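The next block holds one structure in the form of structure tokens; read it before the comments.
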Amino acid sequence: MLTVLGRQTSINVRKVLWTAAELGLAYELDERWGTTRDLSEPEFLALNPSAQMPVLSDGDVVLFESNAVCRYLAGRYGEGAIWPFDPAARAKIDQWMEWQSATLNPVWSDAFLGLVRRPETYVGREDAIAASAERWNRLMLVLERELSGRPFAAGDSFTLADIVLGLSVHRWRSTPISHPPAPNLTAYMERLRHRPAFDTVSPPDMA
Ligand SMILES: N[C@@H](CCC(=O)N[C@@H](CS)C(=O)NCC(=O)O)C(=O)O
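Written out as structure tokens, the structure is:
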């Protein structure tokens, strides 16, 4: 049995849950971590010394970093279905996964935290929130243009890249900023919403 440690409200936890669901894998979600138990407790640090969710435990295999976990699940259980064996096809998927975690993720946190999670530390930080929203929109329009010629991020079929990007598009659209028109992203979300796993893992009210 797979165990995923972390809260479902975390976008990085949802990447792993969606991947497992696409592969038809049963899992247990241990949401104590990040809710009633602190990620800086020694028991959790032994699993991820960076004190971040998600962590996956699969027998002897314990892993952190959501994209690495998704690749592990697809590589071990997916038989090439959502992460093909062909090196060029696989690299295209990895390219978009890296773009999501290394290029896109750093820009949205001020806007998302300041407008959705709203901890007290964001009171009076309107400039940082506005700058983050502007950079976020700019990068989402990169994806909007990319999706003008194909239905999914890496081509004609659904892959791991669509899990990480789909959750990112969903978060962007759920955050109350001024969104520029993005018809390709709207159509993309509609395509992803038809997948049975999507609403289970990422209910509409969960940004
Ligand atoms: N690069 C990491 C980032 C993980 C991350 O930022 N996790 C956040 C939740 S989305 C976290 O654990 N934050 C600490 C906390 O909520 O206590 C990954 O992709 O797994």
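Using the working numbering, you'd call the opening residue of the sequence shown number 553 and step up by one each time.
Even glycine gets a Cβ: it sits at the ideal position worked out from N, Cα and C.
These numbers were taken from a predicted model, which means no experiment stands behind them.
As the crow flies, the alpha-carbon of Ile681 is around 11 Å from that of Arg670. Rounded to the nearest angstrom, the Cβ distance from Asn689 to Pro732 is 6 Å, consistent with a contact under 8 Å. Here the stretch 713-728 makes contact with the stretch 641-648; the two share three or more CB pairs at distances below 8 Å. The straight-line gap separating the alpha-carbon atoms of Val556 and Thr752 is approximately 16 Å.
Taking C-beta atoms as the reference points, Pro606 and Gly558 count as a pair closer than 8 Å. Relative to the non-hydrogen atoms of ligand 1, the Cβ of Phe664 never comes closer than 7 Å to any of them. By the neighbour-count definition (other C-beta atoms within 10 Å, threshold 16), Thr587 is an exposed residue. Distances taken from the Cβ of Ile563 to the heavy atoms of ligand 1 include one shorter than 7 Å. The continuous alpha helix (DSSP H) containing Phe750 extends over residues Pro748 to Val753.
Residue state for Glu580 is assigned as strand, using DSSP reduced to three classes. One Cα belongs to Ala626, the other to Asp708, and the distance between them is close to 18 Å. In its chain, beyond the 5 residues on either side, Ile715, Ala749 and Val753 have a beta carbon closer than 6 Å to the beta carbon of Trp570. In the assembly as shown, His722 is a buried residue. Its beta-carbon has 16 or more other beta-carbons within 10 Å. DSSP places Leu615 within a strand segment (E or B) once states are collapsed to three.
When the five nearest sequence neighbours on each side are left out, the beta carbons in the same chain lying within less than 6 Å of the beta carbon of Phe710 are those of Phe704, in order along the chain.
Only buried fits Ala572, as 16 or more other CB atoms lie within 10 angstroms of its CB.
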